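Undergrad:
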Amino acid sequence: MDRHLAVFVIADDRYYPWFRTECRVPCYVDEHYLPTVLSIVAQGKIANRTITLVDWSRGDAHPATFDAPDVTEDFLGRLVGKKGSPERCMYNGQPVEVCFLFTRKFVPAALLQLLNLSSKILGY
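Quick note: the sequence shown uses my numbering, first residue -14, plus one each step.
1) Can you tell me whether F91 is helix, strand or coil according to DSSP?
2) Return the first residue and the last residue of the beta strand (DSSP E) that V81 is part of.
3) Looking at the structure shown, is T37 part of a helix, part of a strand, or coil, going by DSSP?
4) Indicate whether D(-3) and V22 have their beta-carbon atoms separated by less than 8 Å.
5) Sorted by chain position, which residues of the same chain lie with C-beta nearer than 8 Å to K30's C-beta, five sequence neighbours on each side aside?
6) Can you tell me whether V56 is buried or exposed? The criterion is at least 16 other CB atoms within 10 Å of its CB, across all chains shown.
7) Do you know how far the Cα of I106 is from the Cα of D159?
8) I need the boundaries of the alpha helix (DSSP H) containing Y1, first residue and last residue.
9) Less than 8 Å between the beta carbons of V(-6) and L19, yes or no?
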């Protein structure tokens, strides 16, 4: 987000008031306002994709939570892309050049497993 867009968002008196009064479950202001507004006012400046993996496959109002048993070498490899693979990273089933940078939501108990695999998968 550049300075111009940041100022627009802070000064927004057109879209935010609607979100503040009308956005109810399953709409969440903190998750829906910014991407919606940016797609309206800055369509040419956004990549129209995310760098955060969020698993909504369970059809709930909240994304899936990853526990320690979920954190495997294969799971992390799919998130960050397998080195040497022609399809390093996938987004909506299509190969892309930009991999996920973040993932939601890990439980605290998954931390040790993430740390144990980080050097093998991430290389540090």
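C-beta atoms are modelled at their ideal positions from N, C-alpha and C, and glycine is treated no differently.
None of these values were measured; they are calculated from a predicted model.
TA: Let's see:
1) In the structure shown, F91 sits in a strand (DSSP, three-state: E or B).
2) 79 to 81 is the extent of the beta strand (DSSP E) around V81.
3) Here T37 carries a strand assignment [DSSP, helix/strand/coil].
4) V22 sits close to D(-3), with the two beta carbons spaced by under 8 Å.
5) D(-13), L(-10), L23, listed in sequence order.
6) Buried, by the Cβ-count rule.
7) The displayed coordinates of the chain run from -14 to 109. Any statement about residue 159 would go beyond what the structure contains.
8) 1 to 7 is the extent of the alpha helix (DSSP H) around Y1.
9) Yes, the pair counts as a contact, with Cβ atoms nearer than the cut-off.
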